[in-house]
Every structure is written in structure tokens, then in C-alpha cells.
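Take a look at the structure below.
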DNA sequence: GATAAGATGTTA
DNA sequence: AACATCTTATCA
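Numbering (our numbering), first residue to last: 1 to 184.
Below, the structure written as C-alpha cells:
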């Protein structure tokens with residue numbers, strides 16, 4: 001039950017995205033703690049056209065520029081929330097999108113970015129939240145480090161820019177990884 | 001103030 | 001493959 005600290009997140013976003021795999025996503029709701037293994041992530045950096053921080057700081061993306069450990073939650077397509085953890089350093093807009101987790105002590109649909117936020121009641125109320133604070137209701141604990149051979153690296157899902165960047169990481173043969181999208 | 005596009009999920 | 005559905009960004 002050791003929580004990750006700022007030094008884990010204050011590194012290159014690609015490294016953080018890869019190393020978050022296998023760690024435990026924790027969410028406390030009404031004194032119950034829900035835990036799940038992070039099985040799929042994507043990296044987003046400021047100089048990447050697909051990143052919300054690409055065109056500078058805006059009202060929506062402001063949290064991406066805060067210190068490592070800040071939560072960035074936004075609404076997509078008017079109906080689904082997506083959750084990110086901010087990385088690197090304050091003032092630089094970057095983060096890791098959590099796309100899927102494997103539930104450990106609860107049941108729920110968590111094999112997609114919109115589904116896992118719905119299952120764990122993650123909404124814009126948590127945007128700008130600090131997961132490193134002592135009384136956090138959302139945080140990450142160290143889990144089992146996956147064998148490097150079990151990690152797959154591919155292009156990201158659901159974007160129209162920066163498609164050539166292989167910045168998506170997931171655990172091979174894990175049934176909780178999100179399904180590929182139909183052609184747009 | 002209007003408009004277009006979007007880091008998705010469900011259904012058929 | 002189509003659609004549900006609405007915030008945000010980007011103009012004017």
C-alpha cells in the first residue's frame with residue numbers, strides 16, 4: 001500500500017505512461033476503496049498536435065499545466081469523461097490518459113476511458129485535484145511491475161492528429177484493454 | 001453569438 | 001457503420 005509520489009510523475013511523459021502499467025488505480029467513494037490494475041495508457045505532450053495543451057493554456061486544459069500529480073478530467077463528445085494524470089513539470093502541459101483498468105475488488109465496466117470514469121464516479125469535479133495530498137479520494141499505489149515483454153506499444157486511439165506517434169501502452173493479452181474503434 | 005469538431009460507447 | 005449529444009475552442 002505504498003502510494004506513488006511526485007518524483008514518479010515528474011519524468012518524461014512516455015516513461016510515466018509505460019511505467020504506470022501494472023500499478024494500482026485507487027478511488028475512495030463513501031469510505032469504500034475501489035482498486036484496479038492500470039492496463040492501458042496513452043501519453044500526451046505539449047508539442048503533440050493531439051494534446052489539449054498543444055495550443056497553449058485554455059480554460060479546459062489549464063490543469064494539464066499544473067504540477068505532477070494533478071488530475072485532468074474533461075468531457076468528450078458531450079457524454080463521457082476522461083481522466084489523466086499530469087506529468088513532468090509545472091508550466092509544461094503534459095499528462096497520461098488512463099484508458100483501461102482491471103478491477104481487483106469490485107465489478108464494473110472499466111475497459112475504456114469513458115467507461116472507467118463512469119464506473120468510479122470520476123467527473124469534472126475532480127479536475128485540478130491533487131492525488132498526492134494526504135486526504136485524497138483518488139491516488140495510485142505501486143503494484144507488480146509487468147515484464148517488459150508483456151507491454152505493447154502502438155498508435156493512440158480516437159485521434160485525428162499525431163496518429164503516427166506510438167504513444168499508447170497496454171498489457172498484452174489482458175482482457176480489460178479497450179476494444180479498437182470502428183473506422184471513422 | 002454562431003459554428004465545427006472532438007483522447008467515446010452503444011447499437012445494429 | 002451510424003448515432004447519441006454537448007462542451008470547448010475558434011472565429012466574428
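We put the CB at the ideal spot given by N, CA and C, even for glycine.
Within the chosen definition, does the stretch 20-39 reach the stretch 105-122 through at least 3 CB pairs nearer than 8 Å? yes
Compare the Cα-Cα distances from residue 170 to each of 161, 180 and 164 and report the closest residue. Comparing Cα positions, the closest option is 180.
Which complete beta strand (DSSP E) runs does the stretch 84-110 hold, if anything under 3 residues is left out? 95-103
Whole-angstrom Cβ separation of residue 98 and residue 113, contact assumed at under 8 Å? 7 Å
Whole angstroms are fine: how far does the CA of residue 70 sit from the CA of residue 17? Near 15 Å, if we compare the C-alpha coordinates of residue 70 and residue 17.
For residue 40, count neighbouring Cβ atoms within 10 angstroms of its own Cβ and tell me buried if that reaches 16, exposed if not. buried
Proximal residues to residue 115 (C-beta, below 6 Å), its chain only, five neighbours per side dropped: 109
Taking the alpha helix (DSSP H) that residue 15 falls in, what are its first and last residues? 13-20
So is residue 86 buried or exposed if we call it buried at 16+ other beta carbons inside 10 Å? Looking at its Cβ environment, which holds 16 or more other Cβ atoms inside 10 Å, residue 86 is buried.
Could you check if residue 84 is buried or exposed, using at least 16 other CB atoms within 10 Å of its CB as the buried criterion? Flag for residue 84 reads buried.
Taking the beta carbon of residue 198 as the centre, do at least 16 other beta carbons fall within 10 Å, making it buried, or is it exposed? Outside the displayed range of the chain (1 to 184) lies residue 198, so it cannot be described from this structure.
With a CB to CB cut of under 7 Å and the five nearest residues on each side skipped, what residues in its chain are close to residue 126? 71, 73 and 138, listed in sequence order.
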